[in-house]
C-alpha cells in the first residue's frame, strides 16, 4: 500500500479462505434458519474469498472482518 513493491495472492491462500468459509458456516448451522443457512453457504465464502484476494497487502484482516460481519448481518436480517 505504501510501497512500490507488488504483492500477489496465491490460489492456495484463497482456497483456504474459501474452504474455511464453508466449514465455519457449516459448524454453526443450528443458529440459522434454513434460508439463512443456504444464503450463507452460497454467498459468504465467496465474498470472503474475493475480499481476501483483492484487499491491499496487510489490510486483508480488517477488510475480511468488515465484509464478513456486514454480509452475515444482512443475511441474518432475513
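In my numbering, the protein residues as written are 46 to 123.
A virtual CB, placed ideally from N, CA and C, is assigned to each residue, including glycine.
From a predicted model like this one, the values you see are computed outputs, not experimental measurements.
Check                                                                                                                                     : Outcome
For the alpha helix (DSSP H) holding residue 67, just list the boundary residues, first then last.                                        : 56-72
Go through its chain and collect everything with a Cβ distance to residue 69's Cβ below 6 Å, but skip five positions before and after it. : none
From residue 72 to residue 86, what does the alpha carbon distance come to, in whole angstroms?                                           : 11 Å
Assign residue 64 to one of two classes, buried (16 or more other C-beta atoms within 10 Å of its C-beta) or exposed (fewer than that).   : exposed
Exposed or buried, residue 101, counting other C-beta atoms within 10 Å across all chains shown (16 or more means buried)?                : exposed
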